[in-house]
Structures are given as C-alpha cells and as structure tokens.
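J.: Residue numbers (this note's numbering): 173 to 461.
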C-alpha cells in the first residue's frame, strides 16, 4: 500500500514537472507556510509569476547555503496541492507538505521522494480519533437543530473531517459554536472554527468547522518538526492568511500574516508581512536570512 502511494506521488511529481531540493545536511532555519491564499493565490495578478519565481529560487539558494527547510501546512489533500501547483507553473517542491490539517507529513527531496513520516503517522493513529465519534457529535447537534454541511473539496481522512456552519444571527451563532466546541472537547477531538474565506471557494456567511485528531493541527506540526530537525525556535517562521493559521503563527519564533489576510485574522494577530502571497514571504525572509 505504501509503495503504491509512493509511486503515485512520484507520478504526480513527474507529470507536474517539479524539481526537488536536497534536504540540508544541517538544518538551521525552517519556514512553515499555509497553502491556499498564502503560498497559492486563487486570483493571480500579472506580477504573480515573477513573485513565485523569486521565492522559489530564494528557497533553493538558502536551502543549499544556509540550511533552510521550507514546507507547506494545509488542510487540503496532497493531490489537490499538486494539481494546483502544476496548473499554475510552480517549479520547485517544498521539502515537506503536511496535508489534511497536519495529520500526514510527506517529504520531498533528491533522496526522499514522497516519503511519509511514519513516526508522525503512528503518533496520530494512537490518539483514538474515529468517524464514529464524529457521527455521534453530528447527531447530538441535529437534536438542537444545528446542522453542519460536509465540505466536499477537503480531503476526508481517518483523522480529520470538515464541515460548514451557516450563520444565522450573532447570538444564535455564538451559542451554537460554543456548543460545538464543548461537544468536540467532551469526545477528545480538536475542532477549529473560523470564518470562511470566499476567495478560496468557500461560501459567504459561513464558518469552517474542522474536526481533527488530538495531536494533529498546524501548531503540533511546528513542535514536531522543530524537535525532529533540532532547529532553534528563534529560527522558525510561519506565514498565513486566516484564523486557521493563528495557532501556527503563535507557535513559531516569527509568525506573520500576509497583507492579503482576512480582517478577522488581522484583528487577532498584528504582525503583518511586507506584501501579499509569495511577495510577502520573500521580502520578509530576506530581512532574516
């Protein structure tokens, strides 16, 4: 099964025409980037291709000379990330992609093409997450006329399930969201709830409701990889655009929202990069490395 998955990933890399980087012999810096509306803009401007080229070449240079590791941390499925990057002409793969809300980590380098992190997989598997628990939660919500709609474009895995909650009025929404959080906590499950971003295809006037295994999440990915690569927290960086990224931004030594971030996120986190998308990541990192 694992060999089939690895072969499938190798085929996606070949089809997309991607180039892989060498993993630094001694890692010193690490960048964690959200994907949609952070590393990947859904509405590109004329300067966008130049921005991503500058960032890709910067990552390649600093990886070789300064021990920089770059990776994506996303709620999206791995194949969807590949499809988008290939369609828009990205050329270089990150060193790692943590997909499905950080429940999976794959590495990409000359010597490790599509290898999954088995230690992380065992960690997630041991947490006791199951869809049976999610179905029970959904049933209890139905009893209070709280209905969640499954998100079809987010990967369904054994350890994460995503839904939309459609807004009603401020007081009802506050009570319903609080109840969802309490239910998830009572079942030992993480739930991330944040306003949807229509720019990535989400509906207007709705919230993302992501049920995730305990032990996963963007902040946990940061802690795990900092420890794995023995990188000083002060040399870690993260970039995001929405409320789903705030835990990650608060866990690294240097977290930034991009200028294109949602207003909801900017009200809660005030360190803003100099620019949007790849331009913001590139200009911010040039000041550090």
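Using N, Cα and C, we set each Cβ at its ideal position, and we do this for glycine too.
#1: Could you tell me if residue 324 is buried or exposed, where buried requires 16 or more neighbouring beta carbons within 10 angstroms of its beta carbon?
#2: In this structure, how does DSSP classify residue 389 when only helix, strand and coil are distinguished?
#3: By how many angstroms is the C-alpha of residue 288 removed from the C-alpha of residue 192?
#4: In this structure, what does DSSP give as the bridge partners for residue 187?
#5: Just the C-alpha distance for residue 443 and residue 269, rounded to the nearest angstrom, thanks.
#6: Any contact of the stretch 432-442 with the stretch 401-417, i.e. 3+ C-beta pairs under 8 Å?
#7: Alpha carbon to alpha carbon, how far is residue 190 from residue 262?
#8: Per DSSP, what are the beta-bridge partners of residue 332 in this structure?
#9: Pull up the distance between the alpha-carbon of residue 286 and that of residue 320, whole angstroms please.
#10: Considering only the alpha carbon of each residue, which of 224, 372, 237, 226 lies closest to residue 196?
#11: Less than 8 Å between the CB atoms is what I'm expecting for residue 368 and residue 379, so what's the real figure, rounded?
#12: On a CA-only basis, which of 186, 305, 224 is nearest residue 255? Give me that one, please.
#13: On the CB-based measure, 16 or more other CB atoms within 10 Å of its CB, does residue 460 come out buried or exposed?
#14: Using CA atoms only, rank isn't needed, just tell me which of 457, 282, 259 is closest to residue 214.
#15: When the distance is taken between beta carbons, is residue 284 closer than 8 Å to residue 194?
#16: Determine the burial state of residue 357: buried for a count of at least 16 other Cβ atoms within 10 Å of its Cβ, exposed for fewer.
#17: Do you know whose CA, among 375, 363, 308, lies nearest residue 385's CA?
#18: In chain order, what residues of the same chain lie with their CB nearer than 6 Å to the CB of residue 241, ignoring the 5 residues before and after it?
#19: Counting along the chain, where does the alpha helix (DSSP H) carrying residue 254 start and finish?
#20: Is residue 316 helix, strand or coil when you go by DSSP?
#21: Where do the ends of the alpha helix (DSSP H) carrying residue 352 lie?
#22: Can you give me the start and stop residues for the beta strand (DSSP E) that residue 241 sits inside?
#23: Per DSSP, residue 278 forms a beta bridge with which residues?
T.: Considering the structure as presented:
#1: Indexing the chain shown from 1 puts residue 324 at position 152. It is exposed - the Cβ of residue 324 has fewer than 16 other Cβ atoms within 10 Å.
#2: Residue 389 sits at position 217 when you count from the first residue of the chain shown. In the structure shown, residue 389 sits in coil (DSSP, three-state: anything other than H, G, I, E or B).
#3: What you label residue 192 is simply residue 20 of the chain shown in a count that begins at 1. What you label residue 288 is simply residue 116 of the chain shown in a count that begins at 1. Distance between the alpha carbons of residue 192 and residue 288 is about 16 Å.
#4: Within the chain shown, residue 187 is the residue found at index 15, counting from 1. According to DSSP, which records beta bridges pairwise, residue 187 is partnered with nothing at all.
#5: Walking along the chain shown from the start, residue 443 turns up at place 271. Walking along the chain shown from the start, residue 269 turns up at place 97. When rounded, the distance between both Cα atoms is 24 Å.
#6: yes
#7: Residue 190 sits at position 18 when you count from the first residue of the chain shown. Residue 262 sits at position 90 when you count from the first residue of the chain shown. If I take the Cα positions, the gap works out to 7 Å.
#8: As a position in the chain shown, residue 332 is number 160, starting the count at 1. Residue 332 is bridged to 329, 384.
#9: Here residue 286 refers to the residue found at position 114 when the chain shown is read from its first residue. Here residue 320 refers to the residue found at position 148 when the chain shown is read from its first residue. The alpha-carbon atoms of residue 286 and residue 320 are separated by roughly 34 Å.
#10: Here residue 196 refers to the residue found at position 24 of the chain shown. Considering only alpha carbons, the answer is 237.
#11: By 1-based counting over the chain shown, the position of residue 368 is 196. By 1-based counting over the chain shown, the position of residue 379 is 207. 6 Å between Cβ atoms; contact.
#12: Locating residue 255 in the chain shown gives position 83, where the first residue counts as 1. Selected option, being the one with the closest Cα: 186.
#13: Looking up residue 460 in the chain shown gives position 288. Exposed: under 16 other Cβ atoms inside 10 Å.
#14: Working through the chain shown from its first residue, we reach residue 214 at position 42. For residue 214, the nearest C-alpha among the options comes from 259.
#15: Your numbering for residue 194 matches position 22 in the chain shown. Your numbering for residue 284 matches position 112 in the chain shown. No, these two residues do not count as a Cβ contact at 8 Å.
#16: Indexing the chain shown from 1 puts residue 357 at position 185. Residue 357 should be labelled exposed.
#17: To locate residue 385, count along the chain shown from 1; it is residue 213. For residue 385, the nearest C-alpha among the options comes from 363.
#18: As a position in the chain shown, residue 241 is number 69, starting the count at 1. Excluding positions up to five away in sequence, the list reads 199, 202, 267.
#19: Sequence index remark: in the chain shown, residue 254 carries index 82 (1-based). Taken as a continuous stretch (DSSP letters only), the alpha helix (DSSP H) holding residue 254 covers 250-259.
#20: Here residue 316 corresponds to residue number 144 of the chain shown, with the count starting at 1. Looking at residue 316 - three-state DSSP - the assignment turns out to be coil, as it is neither helix nor strand.
#21: Residue 352 sits at position 180 when you count from the first residue of the chain shown. Looking at the DSSP string, the run of the alpha helix (DSSP H) that includes residue 352 is 342-358.
#22: Looking up residue 241 in the chain shown gives position 69. Where residue 241 is concerned, the enclosing beta strand (DSSP E) stretches over 240-245.
#23: Counted from its first residue, the chain shown places residue 278 at position 106. BP columns for residue 278 point to 269, 288.
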